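Asker: In this note's numbering, the protein residues as written are 115 to 200.
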């Protein structure tokens with residue numbers, strides 16, 4: 115399940131970045147002490163490319179994207195897809 119962990123990391127970094135950008139803080143217990151969260155343009159593009167790859171269900175190095183199947187089976191796919199397009 116290495117790939118699921120990798121994808122979760124990409125998604126989490128994205129969520130943290132945009133929450134901090136939008137609110138000026140992370141509203142997550144244990145992370146409220148973080149006072150700065152910066153990402154350079156190259157890194158932001160890298161994250162966006164990974165998110166689009168996940169969304170488009172493009173095969174990874176292991177050939178599959180288990181996280182997409184999990185979301186589709188849990189009926190969360192449409193909500194996540196709409197969120198990623200924001």
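Quick reminder that beta carbons are idealized off the backbone N, C-alpha and C, glycines included. Computed from a prediction, not measured in an experiment: that's the story for all the values here.
#1: Can you tell me whether residue 165 is helix, strand or coil according to DSSP?
#2: Are the segment 119–133 and the segment 159–170 touching, with three or more C-beta to C-beta distances below 8 Å?
#3: Would you list, in sequence order, the uninterrupted beta strand (DSSP E) runs of no fewer than 3 residues that lie entirely inside the segment 116–144?
#4: Let's test the definition: count the other Cβ atoms within 10 Å of the Cβ of residue 181 and tell me whether it reaches 16, buried, or not, exposed.
Answerer: In short, the structure shows the following:
#1: The residue labelled residue 165 in the question sits at position 51 within the chain shown. Of the three classes helix, strand and coil, the one that applies to residue 165 here is helix, per DSSP.
#2: The segment 119–133, when compared against the segment 159–170, does touch it at the 8 Å Cβ threshold.
#3: Taking only runs of at least 3 residues, no beta strand (DSSP E) segment lies wholly in the segment 116–144.
#4: As a position in the chain shown, residue 181 is number 67, starting the count at 1. The residue in question, residue 181, is buried, as its Cβ has 16 or more Cβ neighbours within 10 Å.
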